[in-house]
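Asker:
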Amino acid sequence: MPGKDYSYDIPDHPIEYIKVDPRTIKFDPRAQRNLNKARAEAIAEKLVPTALGTPIISQREDGLYAVDGMHRVYACQLILTEKVSAPEEVRKAVQTITCEVHSGLSMANEASLFIIKNKESSKVGPNDEFRIGVLAGHPLFQDTNTVLEKHQLKVGSSTANGVRGIKGILSIVMEHGPEILDLSLTIAEDAWGRTPDTWHAVTIGGIATVMSKHSDVLNPQELAQKLKRQGDPTAFKAKIQTIATNNNTRADGTKGRLKAAHLAVAAAWNANRRANRIPVPNIFE
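Its first residue numbered 305, the sequence shown is counted upward by one per residue in this note's numbering.
1) Express the C-alpha separation of Leu485 and Trp573 in angstroms, rounding to a whole number.
2) Report, in whole angstroms, the separation of the C-beta atoms of Cys403 and Ile322, which I expect to be a contact under 8 Å.
3) At what residue ranges does the segment 446-482 contain a whole run of the alpha helix (DSSP H), taking only runs of 4 or more?
4) Starting from Ser516 and walking both ways along the alpha helix (DSSP H), at which residues does that stretch end?
5) Assess contact between the segment 341-357 and the segment 367-386, defined as three or more Cβ pairs (one per stretch) separated by less than 8 Å. Is contact present?
6) Looking at the structure shown, is His406 part of a helix, part of a strand, or coil, going by DSSP?
7) Do Ala335 and Phe434 count as a contact pair if the criterion is CB distance below 8 Å?
8) Runs of 3 residues minimum, wholly inside the segment 320-367: which ones carry the beta strand (DSSP E) assignment?
9) In whole angstroms, what is the alpha-carbon distance linking Arg592 and Ser410?
10) Tell me the rounded alpha-carbon separation between Ala464 and Leu562.
11) Check whether the segment 523-534 touches the segment 476-484, counting contact only when three or more Cβ pairs, one atom from each stretch, lie closer than 8 Å.
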């Protein structure tokens, strides 16, 4: 288990609900998603002031910065600078807007606040969450990114150098630590080379689980050879899916696929082996 704290905790700090001139609010994409001006313009054209909500703002030494609600704030700016036409009553209503203003936050705290505010509503995609977390210096994302960069892998790419399913990769680091992710990626590459399916998050998760549970028994180089004999990474990925669905007789989910990957990797290690066998989980218990 990793020793680091990868939670999104934010220290106690002052919070005020105050009226703010939207034109004074700045944007920093390091701690949130990139500004989509077309989206903001669409919001501005149909803005209903009473439905504006309460943007989340961080008070930094050099001014106010949007943490959440950036597009609503920018929509107000467009209206007030008359870059988008709006009824006079709307323009008057957004001269000042009520904001939740946080003081004393670091960049990492701002990123954590943004992720916390958006996580449950799924408004932030996992790739954006990863990018924001890395730029803000959150240790979970930094540690994961360090390992991915070591293996020359990019998040979101569908090429032979791309990792898809970054949520699954982050889960490996949270549960087993960055060292196990590093080792698992090495084993996968030794087994299958660099292909898009080599880095399939569920497959890597299965390798990580087995290595974390049985590092005293397993030899990484030997495991890679055992996995190679199972076929190419696409075939192994399909095998995991078949196990997870019990030959398409039941629905699967992420947890089910991870258990199936654990089983598939453990079974590959045990194949034609009398000594140093490891337990194979019963995934349908």
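A virtual CB, placed ideally from N, CA and C, is assigned to each residue, including glycine.
Answerer: So, from the data block:
1) 18 Å
2) 6 Å
3) 470-480
4) Here the alpha helix (DSSP H) through Ser516 covers 505-517.
5) With the cut-off at 8 Å, the segment 341-357 and the segment 367-386 touch.
6) strand
7) no
8) 360-364
9) Since the first residue of the chain shown is 305 and the last is 589, residue 592 is not available in this structure.
10) Just so you know, the alpha carbons of Ala464 and Leu562 end up roughly 22 Å apart.
11) A contact is defined here as three or more CB-CB pairs under 8 Å, and the segment 523-534 fails this definition with respect to the segment 476-484.
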